[in-house]
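Student: For the record, in the sequence shown the residue sitting at position 67 is 140 according to my numbering, with numbers rising by one throughout.
Each residue gets a CB set at the ideal place from its N, CA and C atoms; glycine is no exception.
Remember, it's a predicted structure, so these values are computed and weren't measured experimentally.
Sending over a structure as structure tokens; questions will come in a sec.
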Amino acid sequence: MEIHHLKTFAAVAREGSITRASERLFLSQPAVSAHVKAMEDYLGLTLFERTARGMSLTSNGQRILAKAERTLNIHRELLDEANHIKGRLAGRLRIGVGGQSNNEAIGRLVRRFSEHHPEVEVSLEHGSSNGTLAGIRNGLLDAGFYNESRNPDEDLVTIEVARFPVYVAAPAGMFDTSVPLDWATLADVPWIFAPSSLCCGGAAEHLFKTRNFRPRRIISIDRESVTRSMLIERLGVGLLHGETALEAQRLGEIDILCIAQSSVRNLFAHLASRAAEPLFVAINEALGEAGMLAA
């Protein structure tokens, strides 16, 4: 049984819900459920009653929660003392979250960093990939997660977190998907995607070059949620990231026509010029502990 099992158990107990605990911990719901099951299996006790309203502690679970919280407090005190001995970081770490960022990776990083550096306030600022990169370069952000379809710029230190495809999607039923695509017909329909500086825009330009065509009208959108809404409103053809496209297809909102680009990377990045700063040495240590340096 690991310390993160205790943290997950305590979070589920406080939230009374696997869903809310997963959001709080930046973990997937299956991961939270697995942590709870691992604790129950290890202890040989039923800690929760699963009800329609969520997760309710059993009497055994209530007794274990008190001990778990005491253990977590002692764990924090141990880390605090270690930080006192070796010197603490303080201040604020501002992390941008842009594009199709991996919530589990973000959660692992924040959790590991905060365990070792409790006096550093970590703030997550959600936005676009472009906004994240701009924030890193203008100093409004210290680091961030963003999507990249090409080679990252040399002024950045980057670590790959995940990969995903980009799909060409159309409103459900707009085209007959049982026959080959007619690219001339597709060129007459408005195309909806992000600017070329973002991953969907880069994927679109790659597709146009490969297929030797260009749409007569392009609608530039920098938020994928807006692209999805416009597809539902049947305003044209658009580009969507992997999980978003598959979810929309499952819900009957869109049809996937083809893959625009098979592999776009989600990267964690910070300025190379800041790599030697204590804050970024600490970030890289946390990345290693979170199992992300080998990604």
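(1) Quick one, are the C-beta atoms of I232 and F341 less than 7 angstroms apart?
(2) Does any C-beta atom of chain D lie closer than 7 angstroms to the C-beta of N339?
(3) Confirm, please, whether the CB-CB distance from L344 to I327 is below 7 angstroms.
(4) Taking the beta strand (DSSP E) that F341 falls in, what are its first and last residues?
(5) Can you list, in chain order, the stretches of the alpha helix (DSSP H) that have 4 or more residues and sit fully within the segment 139 to 213?
(6) Between the Cα of S335 and those of A348, A276 and G246, spot the shortest distance and give me the residue it belongs to.
(7) How about the segment 310 to 325 and the segment 238 to 247: do they share at least three Cβ pairs that are nearer than 8 angstroms?
(8) Pick out whichever of Q102, S101, V109 and F99 has its Cα sitting closest to the Cα of A86.
(9) Does A84 come out as helix, strand or coil in the three-state DSSP assignment?
(10) Under DSSP, the beta strand (DSSP E) around M128 begins and ends at which residues?
(11) Does the separation of the CB atoms of F218 and A359 fall below 7 angstroms?
(12) Ends of the alpha helix (DSSP H) at P103?
(13) Pull up the CB-CB distance for T144 and L79, whole angstroms please, since I reckon it's below 8 angstroms.
(14) Using DSSP's beta-bridge definition, name the partner residues of A260.
(15) For the putative contact between G200 and G180, defined by C-beta atoms under 8 angstroms, what is the C-beta separation to the nearest angstrom?
(16) If contact is defined by three or more beta carbon pairs under 8 angstroms, each pair taking one atom from either stretch, is the segment 118 to 132 in contact with the segment 84 to 104?
(17) Just the C-alpha distance for I91 and D255, rounded to the nearest angstrom, thanks.
(18) Where does the unbroken alpha helix (DSSP H) through G361 begin, and where does it stop?
(19) With distances taken from CA atoms, which of L313, A355 and K140 is nearest H189?
(20) Would F286 and A260 be called neighbours here (beta carbons separated by less than 7 angstroms)?
(21) Does at least one heavy atom of the ligand NAP sit under 6 angstroms from the Cβ of L197?
(22) Express the C-alpha separation of P288 and V262 in angstroms, rounding to a whole number.
(23) Over the uninterrupted beta strand (DSSP E) stretch that includes S293, give me the two end residues.
Tutor: Short version:
(1) On the sequence shown, residue 232 is found 159 positions in, with the first residue counted as 1. On the sequence shown, residue 341 is found 268 positions in, with the first residue counted as 1. Yes, Cβ-Cβ distance for I232 and F341 is below 7 angstroms.
(2) This model lacks chain D altogether, as it is built from one protein chain only.
(3) Here the question's residue 327 lines up with position 254 in the sequence shown. Here the question's residue 344 lines up with position 271 in the sequence shown. No, these two residues do not count as a Cβ contact at 7 angstroms.
(4) Taking the sequence shown and counting its residues from 1, the one referred to as residue 341 is at position 268. In the DSSP annotation of this structure, the continuous segment of the beta strand (DSSP E) that includes F341 starts and ends at I327 to L344.
(5) Whole alpha helix (DSSP H) segments, 4+ residues: 176 to 189 and 202 to 211.
(6) Numbered from its first residue, the sequence shown carries residue 335 at position 262. The option with the nearest alpha carbon to S335 is A276.
(7) A contact exists between the segment 310 to 325 and the segment 238 to 247.
(8) One-based indexing of the sequence shown puts residue 86 at position 13. Residue V109 is the option with its Cα nearest to A86.
(9) Walking along the sequence shown from the start, residue 84 turns up at place 11. Here A84 carries a helix assignment [DSSP, helix/strand/coil].
(10) In the sequence shown, counting from the first residue as 1, residue 128 sits at position 55. For M128, the enclosing beta strand (DSSP E) covers residues G127 to L130.
(11) Start at 1 with the first residue of the sequence shown, and residue 218 comes out as number 145. Start at 1 with the first residue of the sequence shown, and residue 359 comes out as number 286. If you check the CB distance, F218 and A359 do not come in under 7 angstroms.
(12) Working through the sequence shown from its first residue, we reach residue 103 at position 30. First-last of the alpha helix (DSSP H) with P103: Q102 to L116.
(13) The residue given as residue 144 occupies position 71 in the sequence shown. The residue given as residue 79 occupies position 6 in the sequence shown. A Cβ-Cβ distance of about 6 angstroms is found for the pair T144 and L79, placing them in contact under the 8 angstroms criterion.
(14) Reading the sequence shown from its first residue, position 187 is the one you call residue 260. A260 pairs with nothing; no bridge assigned.
(15) Mapped onto the sequence shown, residue 200 falls at position 127. Mapped onto the sequence shown, residue 180 falls at position 107. Contact check for G200 and G180: beta-carbon distance about 18 angstroms, past the 8 angstroms limit, so the pair fails to qualify.
(16) Verdict: yes, contact present.
(17) For the purposes of this step, residue 91 is taken as the residue at position 18 of the sequence shown. For the purposes of this step, residue 255 is taken as the residue at position 182 of the sequence shown. The straight-line gap from Cα to Cα measures roughly 46 angstroms.
(18) Residue mapping note: residue 361 aligns to position 288 of the sequence shown, counting from 1. Looking at the DSSP string, the run of the alpha helix (DSSP H) that includes G361 is P351 to E362.
(19) Counting from one through the sequence shown, the residue named residue 189 turns up at place 116. Comparing Cα positions, the closest option is A355.
(20) Position 213 of the sequence shown holds residue 286. Position 187 of the sequence shown holds residue 260. F286 is a Cβ neighbour of A260, given a cutoff of 7 angstroms.
(21) With respect to the ligand NAP, the structure shown offers nothing to examine, as it has no ligands at all.
(22) For the purposes of this step, residue 262 is taken as residue 189 along the sequence shown, with counting starting at 1. For the purposes of this step, residue 288 is taken as residue 215 along the sequence shown, with counting starting at 1. Taking the CA atoms as reference points, V262 sits about 7 angstroms from P288.
(23) Numbered from 1 along the sequence shown, position 220 holds the residue referred to as residue 293. For S293, the enclosing beta strand (DSSP E) starts and ends at I291 to S293.
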